[in-house]
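Residue numbers (the working numbering), protein chains in the order written: chain A, 5 to 794; chain B, 3 to 169.
Have a look at this one:
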């Protein structure tokens, strides 16, 4: 007989002391990674695999009058060519977001129109990649070339060409004006707020196109299982959204699709998209053969996804005592040819920055517009990067103009524990948000410890007086992000117990290299009082693991970790019920310790003995101990961070070098401190690289000119400055063992911290990133010119 | 299909013979023959994911034509150590949580091994320079540099330990 669960899961008291959480065991997938085990999508080689090559558009904007594939089909080895003529036309979004997606349905597997250089025209499926490339050359396409929009500022111009004129797209805010998405809100009246201000400062920044550059490009392998279902082994951040969107595009039931996520070689947002899977799966269904498609590095640059370039204007009003009376942010976001993540990245530019400082009157107003340039999508920071550039350089400027100390000004106005912001309720995932009171905030400690580490007190304002052409400066920025999307993100986990006292954890959560499998194993191990290596993690496989929205929005530790904790507690409750019946004691008198069940009455049993007994039926009580749980959160507690940069500016060459970088971060309790540091260091260096040199350069016809790592520079070990991480411990009561997120926040700091450090060094305000030597020199000359006039 | 040629390589100490299209790169051959620890990240020689040692020198496998490697000795990351018998570099990568996604790690391990074989006591800047051909987007390199420094120290200790007849 199955004993009834007589008490709720999770009643073992939390002592606050942890033995596994807040330690840094080996990554659960670490040995495989350092010994080169075949873990990634392309490491599985199936006999008879067909290869896909894409014919991309040579034009930024054109209508396809006709496609002739007859000659291409005669190339030896060609099995199939997919075009708009032989594929289902289903409006959808490639954004792997929760349903209903906040992104417009403006994409088609193949369309009769192309909207950027590299847009899908045809996919050749052949026995070898060489044959596919050969056939691709023989496809004849007749294009009607249309005028193109190659600048975000031209998109809404009267008479501009309409990029999405197809009648069957849905969810576009104003297609005729090329506005993919719009959002505005006002709390109070910023006009009144500015009237109350004694000092008003305004700035406008612009960030450029940038690519995520995961070292593993997008890659997908599909094949049929023995029942004829299509198996999709893919490098994705969103296996469950991938399954759902594939079902939509291919018009087949979800039950006919299995998505397997093996190890993923980096994502950073670009793999929160369904980019290859539809073509591969359809080709497998049509040919019955395994099909592989891997983007080339060049395609990764121009035909996958990018950061949204934005023009952000922000205006602040302050009183003489340093109180902020009004904050007003206006954003113009370039979503490129399709509106994937257009609304939500736009809103996040305000939602992840404006709450940071108290202002009685706050406004946000933004448009995301289409252009005939590469498609912007999710990118670590997700709007926060753009918003922080604007707001944190503005704060530095208002301090300079108003004579405020930048540290004191931020501490005076910043959010703190017990505070709230009207922005939380007003701005959510492209719609209204959720009200929230901050329950953990270590921002002030981040500021103090970061300032101490960089030497702020004796360096700020000093480096500009150095003799010679090379000046030095220090700058800072404050940051916040979120932990998952409240009331939308959902994670589930299942955990079962084996007869050696080990566990299998099945999590829908998607480890894309972040180390989340290890973090989830630690959370389960902490509840179950075993070492981390006793928890074997399987994530994610839509046939095996329960649902999870995926690896985005800084959600995994907080949301998926919450699910794992509940699942482990449910399993623990089953053990207690079983032992209570076995020993005839109340379950409340039981607890777990070091892999054993102990009773207050003195009984004890090791997990291995317990499970053997339960499996084999000694005494007639047979069962599998298993726990499962789902988790959502009504709140999204922000991690907080203060970043400090020390730079050297060569006034003769314009070159900027980062000498020292400090990131102090409050992520609550770090489940795995070493991995948490790794998230900070990786995000910070990506941000530094983006601040100083990363930019996609287009020619006059909208074609990307630098589509390789030789021409699109990302920082190497030689370029990287020292990055010092300070983890400021707080305890977030709604997070698993006190944890909040850490994945995204630190990519937002470098642009403003470096811009402010440059201003400290040489007195110029750089408002366009990246801060290349040319732009620095130009600003220095403009400043010298202005001073000469004076 | 390009004509085939017979290719003799010693890979991680094992003599192998392959029939290989003459236009294959060393990376193509290695991956086709199951040495999938050698990664393909760019095919331009820019990222270092396919870094292997060829006749004692680190090379990007994507830039070397396979027929030119005839008779050569190749060491891949899997040749450094295996589960249960890890190379100190692999051990240090684990200890420092230096592998995030891990895609760049096999190439980095080979580049780092080559450095430590020739410079057992490198400075941090020497390590930076030796790894400059291997791009990593996840880590900011901090933990990777920590791990290589640590592995170098361990290997030196092991060496002196053995020299003094301990262990």
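No residue lacks a Cβ here, since even glycine has one placed at the ideal position from N, Cα and C.
Listed along chain B, no residue sits closer than 8 Å to residue 189 of chain A by beta-carbon distance, the nearest being about 35 Å off. Under DSSP, residue 338 of chain A forms a beta bridge with A/373. Within its own chain, the residues whose Cβ lies closer than 7 Å to the Cβ of residue 657 of chain A, once the five positions on either side in sequence are excluded, are 777, listed in chain order. Look at residue 158 of chain A: its C-beta is not under 9 Å from any C-beta on chain B.
Of all C-beta pairs linking the stretch 207-225 of chain A to the stretch 349-366 of chain A, fewer than three are shorter than 8 Å, placing the two stretches out of contact. Close CB contacts of residue 284 of chain A within its chain, under the 6 Å cut and outside five residues either way in sequence, are with 224, 226, 295 and 297 (chain order). Collapsing the DSSP output to three states places residue 227 of chain A in a strand. For residue 92 of chain A, the closest of A/632, A/204, A/153 and A/282 by C-alpha to C-alpha distance is A/282. In the DSSP assignment, residue 116 of chain B falls within the alpha helix (DSSP H) that extends over 107-120.
Using a Cβ-Cβ distance cut-off of 8 Å, the stretch 476-490 of chain A and the stretch 639-656 of chain A are in contact, since at least three pairs of beta carbons, one from each stretch, lie closer than that value. Going by DSSP, residue 648 of chain A is part of no alpha helix (DSSP H) but of the beta strand (DSSP E) stretching over 644-654. A distance below 6 Å between beta-carbons, with the five flanking residues on each side excluded, links residue 71 of chain A to the following residues of its chain, in chain order: 87 and 145.
If you check each beta-carbon in the stretch 392-403 of chain A against every beta-carbon of chain B, none falls closer than 8 Å. If you draw a straight line from the Cα of residue 173 of chain A to the Cα of residue 273 of chain A, it comes to about 24 Å. Boundaries around residue 586 of chain A are those of the alpha helix (DSSP H), 565-587, since no beta strand (DSSP E) includes it. In the three-state reduction of the DSSP assignment, residue 672 of chain A falls in the strand class. Around the C-beta of residue 316 of chain A, 16 or more other C-beta atoms lie within 10 Å, and the residue is accordingly described as buried. Its Cα nearest to that of residue 504 of chain A, the residue A/614 stands out among A/614, A/392 and A/84. At a C-beta separation below 7 Å, residue 83 of chain B has these neighbours in chain A: 39. Pairing residue 484 of chain A with residue 532 of chain A gives a Cβ-Cβ distance that is not under 9 Å. In this structure, the alpha-carbon of residue 556 of chain A lies about 19 Å from that of residue 104 of chain B. For residue 538 of chain A, same chain residues with a beta-carbon under 7 Å away, outside a window of 5 residues either side, are 505, 506, 507 and 529 in chain order.
The beta carbon of residue 709 of chain A sits closer than 6 Å to the beta carbons of 701 and 703 from its chain, once the five residues preceding and following it are set aside; these are given in chain order. Setting aside the 5 residues that flank it on each side, residue 128 of chain A is surrounded in the same chain by 57, 85, 136, 139 and 140, each with a C-beta closer than 6 Å to its C-beta; the list follows chain order. Taking 4 residues as the shortest admissible run, the stretch 72-133 of chain A contains the following complete alpha helix (DSSP H) segments, listed from N- to C-terminal end: 74-77.
Contact annotation: residue 375 of chain A and residue 211 of chain A have beta-carbon atoms that are not nearer than 9 Å. For the set A/438, A/463, A/468 and A/481, the Cα lying nearest the Cα of residue 448 of chain A is the one of A/481.
With contact defined as three or more Cβ pairs closer than 8 Å, the stretch 684-703 of chain A and the stretch 127-141 of chain B are in contact.
In the DSSP annotation of this structure, residue 770 of chain A is not part of any beta strand (DSSP E), being labelled neither H nor E.
Per DSSP, the continuous alpha helix (DSSP H) segment holding residue 450 of chain A begins and ends at 447-458. Taken residue by residue, none of the stretch 17-29 of chain B has a beta-carbon sitting less than 7 Å from a beta-carbon on chain A.
For residue 163 of chain B, not one C-beta of chain A is nearer than 9 Å to its own C-beta. Approximately 7 Å separates the beta-carbon atoms of residue 487 of chain A and residue 559 of chain A; this is inside 8 Å, confirming the contact. One thing to note: residue 545 of chain A has its Cβ within 9 Å of the Cβ of residue 262 of chain A. Minimum Cα-Cα distance from residue 133 of chain B among the listed residues A/535, A/721, A/565 and A/787 corresponds to A/721. In the pairwise beta carbon analysis, the stretch 721-737 of chain A is classified as touching the stretch 673-687 of chain A: at least three pairs are separated by under 8 Å.
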